[in-house]
Amino acid sequence: MRLDHFVLGASLVFALAAVALVVAWRASRAARREALVTRLRPDGARTLAPEPQPGGLGATLARTLRPLARIATPTNAEESSRLRLRLLRAGMRGDHALEAFVAAKLTLATAALGAFLWVNARLVEPVPNALLVAVIACAAGFYAPSLWLSSRISARRKGIERGLPDCLDLLVTCVEAGLGLDAALVRVAGETALAFPMLSEELELTFLEVKAGMPRADAFRRLAHRTGVEDLKQLAATLTQTELFGTSVGLALRVQAEGMRTRRMQRAEERAAMVAVKMTLPLVFFILPSLFAVIIGPALVNISERLFTT
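For the sequence shown, our numbering assigns the number 1321 to the initial residue and increments by one for each residue that follows.
Listed below in C-alpha cells is the structure:
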C-alpha cells in the first residue's frame, strides 16, 4: 500500500470522527431546545428540567473515543479540574464532555497532519520546510478546539451579563410581590427562558441545588463560580450578607440591579470611547491612501503629461 493511500484513509477516518462529534453536539443542543420548548408550552406540562437520557449518540461516541482521549487527558488533578471548569463555563456539563473535547483535539490534530501529508504527496514539488509546516498544521488542529472553547466561554459570559440586570428587575418585582426568593428564581427562570436562555438555565440549576438541600449562599457562590461573571459574585456576596443580617432582600436586589445597570452603561461608554482608537489603523492604511490618490492623482497626471510633452 502506498503512503499517500494510507494517509488518505487515515484522514478520512478522523474526518468522519470529527463530523460525528459535531453531529452529536448539534443533536444534544436540539434535544435541550426541544425540552425547553416542551417545558414552556401552556398546556400544563411544565417541568423544571428534562429527564436525563440513559444513552445517546454522544455517550456512545465518547465511550468509543475514550481510549484516544486518555492520551491527552491531563493527569494532574489541578489541570483536569481547570479544564472541567472551562467546559462547565462553556455550557458543556455532560458526563463525557472532557473525553469528547480531548478526543476532538487529537482527532483534529491528526486530521490536519494527515491532510497536509496527503496534499504534499500529491504535489509535483514538495512544500519547502515540510516538517515545520506539518508541525504547524498539527499544532493548529490541536489548539483549534481550545480557541473555540475560549470564544464560547466569552460569548456565554457576555450573554449572561447582558441579561442579568433585566432578570434582577424581574426578580425584585417577584420578591416585592410576595414570592419567596426560591419561588422567584423559578418564576424568573421560566419567564426569561426565551430571551436569555443561558441565564435562565443557570438560575434554574441554582434553584434545583437549593431544593436539594444546599444552603442558598453556597448555591449562589457555585452559580458565580461556574459562570465566571463578576456581577454574580457580587450578587452572591450581597445575598449572603442579607441572609446573615436579616435585611430586606427586595431592597438589596434593587440596589444590586441599579449597580449592574450602571456598570453596563459604563462598559458601553468605554467601548464607544475606544472606537476612535480602533479606527486609527483603518484610517491610516486604507482611507488616507485612497484619499491621497483621489486628490493628488489628477495633479500627478497633469504634471507628468506636461513634463513628457515638453
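A virtual CB, placed ideally from N, CA and C, is assigned to each residue, including glycine.
Of the choices the options, whose alpha-carbon is the least far from that of residue i?
i     : options                       : result
L1484 : L1499, M1518, F1462 and A1457 : M1518
G1570 : R1546, L1491 and L1552        : L1491
F1436 : V1575, V1447 and T1560        : V1447
V1455 : R1507, R1546, L1469 and G1434 : G1434
L1428 : G1461, L1403, L1608 and V1422 : G1461
V1549 : E1445, F1606 and G1479        : G1479
L1543 : M1534, T1526 and G1533        : T1526
L1408 : H1545, A1539 and Q1554        : H1545
A1459 : D1489, T1430, C1487 and D1486 : T1430
Can you say whether residue i is buried or exposed, counting buried as having 16 or more other CB atoms within 10 angstroms of its CB?
i     : result
W1438 : buried
T1582 : exposed
D1551 : buried
E1371 : Confidence at E1371 is low in this model, with a pLDDT of 41, below 50, so the placement of that residue is unreliable and no value is reported for it.
Q1576 : buried
T1600 : exposed
L1467 : exposed
E1522 : buried
I1623 : exposed
L1564 : exposed
K1531 : exposed
V1604 : exposed
G1610 : First, the residue type needs correcting, since residue 1610 is Ser and not Gly in the sequence shown. S1610 comes out exposed.
M1594 : exposed
A1445 : Rather than Ala, the amino acid found at residue 1445 in this sequence is Glu. By the 10 Å Cβ count, E1445 comes out exposed.
V1621 : exposed
Taking 8 Å as the limit between beta carbons, can you name the residues of its chain near residue i, skipping five residues before and five after?
i     : result
Q1586 : none
According to DSSP, is residue i part of a helix, a strand, or is it coil?
i     : result
D1486 : helix
A1513 : coil
V1575 : helix
T1395 : coil
V1408 : The residue asked about is misnamed: residue 1408 is Leu in this sequence, not Val. Of the three classes helix, strand and coil, the one that applies to L1408 here is helix, per DSSP.
D1415 : coil
V1621 : helix
R1366 : In this prediction, R1366 scores a pLDDT of 42, lower than 50, which makes its location untrustworthy; the coordinate-derived value is nonetheless stated afterwards. Three-state result, R1366: coil.
G1570 : helix
E1481 : helix
V1439 : helix
V1447 : coil
L1499 : coil
So, for residue i: in the same chain, excluding its five sequence neighbours on each side, which residues have a beta-carbon less than 7 Å away from its beta-carbon?
i     : result
A1450 : N1440
D1363 : In this prediction, D1363 scores a pLDDT of 45, lower than 50, which makes its location untrustworthy; the coordinate-derived value is nonetheless stated afterwards. Around D1363: no qualifying Cβ.
E1529 : A1539 and R1542
P1602 : none
Pull up the distance between the alpha-carbon of residue i and that of residue j, whole angstroms please.
i     : j     : result
E1589 : A1420 : 40 Å
R1536 : V1453 : 53 Å
S1470 : A1410 : 8 Å
A1497 : D1415 : 39 Å
P1465 : A1432 : 13 Å
A1613 : R1626 : 19 Å
C1494 : A1504 : 6 Å
L1403 : R1472 : 14 Å
E1511 : A1424 : 36 Å
A1457 : A1592 : 38 Å
A1596 : F1606 : 15 Å
R1406 : G1566 : 35 Å
R1507 : A1513 : 10 Å
G1500 : R1574 : 15 Å
T1560 : R1477 : 23 Å
G1617 : F1628 : 17 Å
T1547 : L1426 : 27 Å
D1502 : S1520 : 14 Å
Once the 5 residues before and after residue i are set aside, which same chain residues still bring their CB inside 6 Å of it?
i     : result
S1400 : P1394
E1524 : A1509
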